[in-house]
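Read through the structure below, which is laid out as structure tokens, and then see the notes.
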Amino acid sequence: MSDTEPSGAGDDKATEASRRRFKGFGSSRINPKSPSDALRPERVPGPPPRSQQARHPIVLIMNFAMTIIVVSVLGAAGLFFFGKMRFEERSHFDQPRTVMIERGTGLSDIAEQLHDRGLISSKWIFIAGVRASAQQEALKAGEYLIPAHASMRDIMNAMVSGKGILYSISVPEGLTSKQIVDKLNADPVLLGAVESVPPEGSLLPDTYRYTRGDSRQNIIDRMIREHDRVVDTVWNGRDKDLPIASPEDLVTLASIVEKETGIADERSRVAAVFINRLKQKMRLQSDPTVIYGVYGGDGLPSGASITKSDLEAENDYNTYKITGLPKGPIANPGRASLAAAANPSRTKDLYFVADGTGGHAFAESYADHRKNVARYREVLADQKANAAASDEAGTGPGDQDETPADQPSDGAAGDPPADPSPPAKGSKNPAPKAKPAQP
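Just so you know, the sequence shown maps onto residues 1 to 439 in full-length UniProt numbering.
Okay, structure coming up:
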């Protein structure tokens, strides 16, 4: 007989197990309650007890710290966005205002000053905004024009750029160094004194811009640097045939050209007259050099005129007495006169005289020059010239008392003039005079 169970035994056991499961399920059914039991409240089971780990002090501290961190982050974010909004919002003032930030002023003092001027609503937000932008070290001193409704960020950006209110001072060509220093001293915005009057001819006339608080000496230093730069450029581009030995001599010649004419188109031709005279060993006979030799950097007194005694003065600037260039510049020439001296017109002119219309008449010979002088006097007579009109006229080489020593070696210039030196002011028949210094 086999040890295995009969084939029907397995089926009987499965059926018995199913009955047991069904019986157990049936015993776990919830029976309906009676009406009285349904009205009676049931006891709700309490929460499960907390684990020992949750009640640990370290866990409690960590939970508290996390809560503080979350609250702090949320608060800081709120403050940041609020401050950013205030930092960038338009201000309330409706008119542009100026503010002057002195050198060395710190961020807190800047904020205080802006707040006092009504430019910002909160100095603390301004300080925080500048520091958040990492610009506290980039703020620059100066005088600023703050536009209406500018935000705190706009004000900060203006101070970072350093683009404050710009002032300017225009220095005309032909002033002496002393006259330039006097002009700077008269400027009410510039500060400090000029250490000393610079050498004649070392300053470049131009318009110079500056901000409030800038110094007069700084303007002088800039003028010297610009002069050196321009002279170096002009000298390197000069006509190689010039009888000029150095940049210093070029500046001296340019200063004479500057004082002789204020007409742009004439500068190179006036320069050519002096270059031609230097080549022929003729005296330059320039009245502005006589004036500088007598009166120096102060110039000819207002209302005065050059006299015979001035022409006869013995000094290193009187080109009626010396041969060649004077010992130094007689003024500060501008770019145009420097360029004209470096590259003069190619002419044979040796003389020029005022033509009565604001310009000059040029001549190659002394005879033609005397004709130009005569025509000039006729113009003055036709215009019923008076002393004031005479003072505005100018003469060039050869119009004063020229001696045979001033003629070219071959005598080509002709005879010396018959006219005497000009009389003192007040004469009924004044001769043509030196052109006054350019303003």
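Idealized CB from N, CA, C, for every residue including glycine.
Item                                                                                                                    : Value
Rounded straight-line distance, which links the Cα of GLY262 to that of GLY356                                          : 14 Å
6 Å CB neighbourhood of SER255 in its chain, flanking five on each side removed                                         : GLY201, PRO329, ILE330, ALA331 and PRO333
Buried versus exposed, by CB contacts within 10 Å (16 or more), GLU137                                                  : exposed
Straight-line gap, LEU190 to TYR295 (C-alpha atoms, nearest Å)                                                          : 28 Å
Assigned exposure category for VAL344 - 16 Cβ within 10 Å defines buried                                                : Before going further, note that residue 344 is Pro rather than Val in the sequence given. Buried is the call here.
Rounded straight-line distance, which links the Cα of ASP368 to that of GLY213                                          : 57 Å
Paired residues, beta bridge with MET100 - DSSP                                                                         : GLU143
Residue environment, GLN383, which counts as buried when at least 16 other CB atoms sit within 10 Å                     : exposed
For TYR320 and GLY293, the rounded distance between their alpha carbons                                                 : 11 Å
Nearest residue (CA-CA) to PHE352, options LEU107, SER161, LEU184 and SER268                                            : SER268
Any alpha helix (DSSP H) of 4 or more consecutive residues that is wholly inside the stretch 277 to 361                 : 287 to 295, 308 to 311 and 335 to 342
Simplified DSSP state of ALA363, which is helix, strand or coil                                                         : strand
6 Å CB neighbourhood of VAL171 in its chain, flanking five on each side removed                                         : ILE180 and PRO205
Extent of the continuous beta strand (DSSP E) to which SER161 belongs                                                   : Careful: SER161 lies outside any beta strand (DSSP E), inside the alpha helix (DSSP H) at 152 to 161.
One or two residues paired with ILE169 in a DSSP bridge                                                                 : TYR208
Unbroken alpha helix (DSSP H) run spanning ASP116, endpoints                                                            : 107 to 116
Beta-carbon gap between LEU278 and PRO243 smaller than 8 Å                                                              : yes
C-alpha gap between PRO422 and THR323, whole angstroms                                                                  : In this prediction, PRO422 has a pLDDT of 35, which is less than 50 and means its spatial position is unreliable; nothing more can be read from the coordinates.
The stretch 116 to 132 contacting the stretch 146 to 165, beta-carbon criterion three pairs below 8 Å                   : yes
Strand pairing of SER215, partner residues [DSSP]                                                                       : LEU191
Status (buried if at least 16 other CB within 10 Å, exposed otherwise) for PRO195                                       : Looking at the sequence provided, one finds Glu at residue 195 rather than Pro. Counting Cβ neighbours within 10 Å, GLU195 comes out exposed, since fewer than 16 surround it.
Distance CB(SER286)-CB(GLU260) smaller than 8 Å                                                                         : yes
Cβ separation of THR252 and GLY142, assumed to be a contact under 8 Å, to the nearest whole Å                           : Contact flag wrong, Cβ pair sits at about 39 Å.
VAL234 versus ASN185 - alpha carbon distance                                                                            : 30 Å
Residues of its chain near ILE125, where Cβ-Cβ distance is below 8 Å and the 5 sequence neighbours each way are ignored : GLY83, ARG86, PHE87 and MET152
Simplified DSSP state of ILE120, which is helix, strand or coil                                                         : coil
8 Å Cβ cutoff met for THR207 and ILE165                                                                                 : no
Cβ shell of LYS178 (< 6 Å), same chain only, five flanking positions each side left out                                 : VAL197 and GLY297
Own chain, CB closer than 6 Å to ALA363, minus 5 neighbours either side, in chain order                                 : TYR351, HIS369 and ASN372
Alpha-carbon to alpha-carbon, ALA193 and LEU311                                                                         : 36 Å
Integer Cβ distance of ALA150 from SER108, believed to fall under 8 Å                                                   : At roughly 20 Å, the Cβ-Cβ gap does not stay under 8 Å, so ALA150 and SER108 are not in contact.
Own chain partners of ALA340 with C-beta closer than 6 Å, once the 5 adjacent residues on each side are dropped         : VAL257, ARG267, SER268 and ALA271
Where ARG67 falls, given that 16 or more other Cβ within 10 Å makes a residue buried                                    : Correcting the residue type first, residue 67 is Thr in the shown sequence and not Arg. Exposed: under 16 other Cβ atoms inside 10 Å.
Extent of the continuous alpha helix (DSSP H) to which GLU258 belongs                                                   : 247 to 260
Cα-Cα separation, ASP241 to ASP232                                                                                      : 18 Å
DSSP-derived helix/strand/coil call for LEU242                                                                          : coil
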